[in-house]
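Below is one structure, written out as structure tokens; the observations come after it.
Numbering (the UniProt record's numbering), first residue to last: 1 to 87.
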């Protein structure tokens, strides 16, 4: 992937957040932006932080999906776990 299309790194303070914490911060930012509670410079900074929070949440969800296993029965009727197929 070229640097022009690569996603910027997620800031360290966001990377430390749980999915729930990041989603809560994102919801707060969106609410403030929708209500017009911030000036232009602050709105731009909030938008950029929101984009990083969204990427972090998406990464956390993707990692969780990859860990989910599908339980199936094998030929002798015993359960076995196989990784799910992620689209």
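In this text, a Cβ means the ideal position worked out from N, Cα and C, and glycines have one as well. In this text the structure is predicted, and so the values were computed from the model without any measurement.
Expected contact under 8 Å - CB spacing of residue i and residue j to nearest Å
{"i": "residue 55", "j": "residue 10", "result": "6 Å"}
Test item: CB-CB of residue i and residue j under 8 Å
{"i": "residue 61", "j": "residue 26", "result": "no"}
{"i": "residue 33", "j": "residue 46", "result": "yes"}
Residue environment, residue i, which counts as buried when at least 16 other CB atoms sit within 10 Å
{"i": "residue 67", "result": "exposed"}
{"i": "residue 15", "result": "exposed"}
{"i": "residue 29", "result": "buried"}
{"i": "residue 20", "result": "exposed"}
{"i": "residue 22", "result": "buried"}
Practice task
Please specify which runs of the beta strand (DSSP E), each continuous and at least 3 residues long, are wholly inside the region 13-73, giving them in chain order.
Solution key: With a minimum length of 3 residues, the continuous beta strand (DSSP E) runs that stay inside the region 13-73 are 69-73.
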